[in-house]
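At position 57 of the sequence shown the residue is numbered 57 (full-length UniProt numbering), and the sequence of numbers has no breaks.
Quick reminder that beta carbons are idealized off the backbone N, C-alpha and C, glycines included.
Scroll down for the structure; my scribbles are underneath it.
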Amino acid sequence: MDGDRVIGGYALRRVLGQGGMGEVHLAATPTGGLAAVKLIHPALARDPAFRRRFEREVAAARRVARFCTAPVLDAGIDGEVAYLVTEYVKGPDLAQAVHDQGPLSGGNLEALAVGIATALSAIHGAGVIHRDLKPSNVLLSPLGPRVIDFGIAQLVDNDSLASQAILGTPAFMAPEQVRGEPLTPAADVFAWGGVIAFAGTGRLPFGGGAPGEVLYRIMQDGPGLDGLEEGIRGIVERALAKDPRLRPGAQALLAELVGGTRLAAATEVVERTWTGTVPTGPSPTPTPDTPV
């Protein structure tokens, strides 16, 4: 029970969420602050090969720049529990915000696109591929969007299609990820396009339904982008190209979105356009298309 459990010096307060890799807890730090602590599933943490990958990937994740991410603060293995500590970001995730208050538009949508592209540029620059970028992994903080869950992005066996599925959410998986091919940063760019399409329309670009049906449409159909603002629709379409070689990289996304790749330019756009509030549009009727 949280409140009585201490892992690596972090006192767990309450569960924030859970997924295929484990649970995320709000925790008090040894210095009295707050952090988000992800506890990796024990079945993974007991695997010696996983432990080696854990140490390697966490070292890379800790090199990721802070802007537009929830930076990795600490990590370790306490008995049979592997844990990853990131900065606690206060704010709803994008999936919940769009479900509750409707799609983003104008400056907020622009800032979201720039912020996530900036995060991907930093993540890829540190040698990490996120592999599971989705609306619930984007937090809407008062200072701008923050991408989370990149610190354990490729800890499972890269050669297994089943393990790829653990990390990929069907609605945002790139075609090459569906096929079980080795992934490159282009897979994250595809997910970026899907996330921005969802944020700007309130709908999944390849629809909802059974996972197999969604994956088939990702492989065979074009994205549904009706209602997405014209100013961003073109770059989203290119990000969602079936062929990863035709997608822009994260730096190219930034160059088109802000007119340059400098971090200062991206920072200025987010600070200028982000209102610090969640969407203000009409609340959509909940549908099976809403991702989790």
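Excluding the 5 residues flanking residue i on each side, which residues of the same chain have their C-beta closer than 7 Å to its C-beta?
i, result
"LEU16", "VAL24, HIS25, LEU26 and ALA36"
"ARG247", "ALA186, VAL189, PHE190, ARG238, ALA239 and ALA241"
"PHE172", "LEU133, LYS134, ALA191, GLY194 and VAL195"
Whose C-alpha, out of the options, is nearest the C-alpha of residue i?
i, options, result
"THR69", "VAL81, ALA45, HIS130 and HIS41", "HIS130"
"GLU229", "GLY76, LEU183, ALA59 and GLY107", "GLY107"
"GLY259", "VAL114, ILE218, PRO205 and ALA210", "VAL114"
"GLU87", "MET21, ARG62, GLY19 and ALA126", "ARG62"
"SER105", "GLN96, ALA199 and THR31", "ALA199"
Please report how far the alpha carbon of residue i lies from the alpha carbon of residue j, in whole angstroms.
i, j, result
"ASP188", "THR29", "31 Å"
"ARG203", "VAL98", "9 Å"
"VAL85", "ALA255", "32 Å"
"LEU140", "GLN220", "32 Å"
"LEU34", "ARG13", "10 Å"
"GLY208", "ASP149", "23 Å"
"THR184", "ALA174", "10 Å"
"GLY8", "GLN177", "34 Å"
"LEU133", "ILE77", "25 Å"
"PRO145", "PRO92", "10 Å"
"PRO182", "ASP243", "14 Å"
"ARG52", "ASP74", "16 Å"
"ASP289", "PRO135", "Any reading at ASP289 must be qualified, since the residue scores a pLDDT of 43, below 50, and its modelled position is unreliable; no value is offered."
"ALA119", "PRO48", "30 Å"
"ALA60", "PRO71", "11 Å"
"residue 293", "LEU94", "The requested residue 293 is not part of the displayed model; the chain covers only 1 to 292."
"ILE116", "ALA11", "30 Å"
"GLN101", "GLY79", "43 Å"
"ARG233", "GLY22", "35 Å"
"GLY19", "GLU213", "22 Å"
"LEU257", "THR31", "39 Å"
Indicate whether residue i and residue j have their beta-carbon atoms separated by less than 8 Å.
i, j, result
"TRP192", "LEU109", "no"
"VAL147", "ALA197", "no"
"ALA250", "HIS124", "yes"
"VAL128", "GLU57", "yes"
"LEU215", "PRO170", "yes"
"GLY194", "PRO211", "no"
"TYR83", "LEU39", "yes"
Looking only at DSSP bridge pairs, what is residue i linked to?
i, result
"VAL81", "ASP78"
"VAL72", "THR86"
"GLY22", "GLY19 and ILE40"
"VAL114", "In the DSSP output, where bridge partners are listed per residue, VAL114 has none listed."
"ILE7", "TYR10"
"ASP93", "LEU139"
"ALA28", "ALA11 and LEU34"
Identify, in the order they occur along the chain, each residue of the same chain with its Cβ nearer than 8 Å to the Cβ of residue i, setting aside the five sequence neighbours on each side.
i, result
"ALA122", "VAL64, ALA65, PHE67, CYS68 and THR69"
"VAL81", "ILE7, LEU39, ILE40, PRO42 and ALA45"
"ARG217", "PHE206 and GLY207"
Give every residue of the same chain whose Cβ lies closer than 6 Å to the Cβ of residue i, excluding the five residues on either side of it in the sequence, and list them in chain order.
i, result
"THR201", "PRO103, GLY227 and LEU228"
"ALA126", "ALA60, ARG63 and VAL64"
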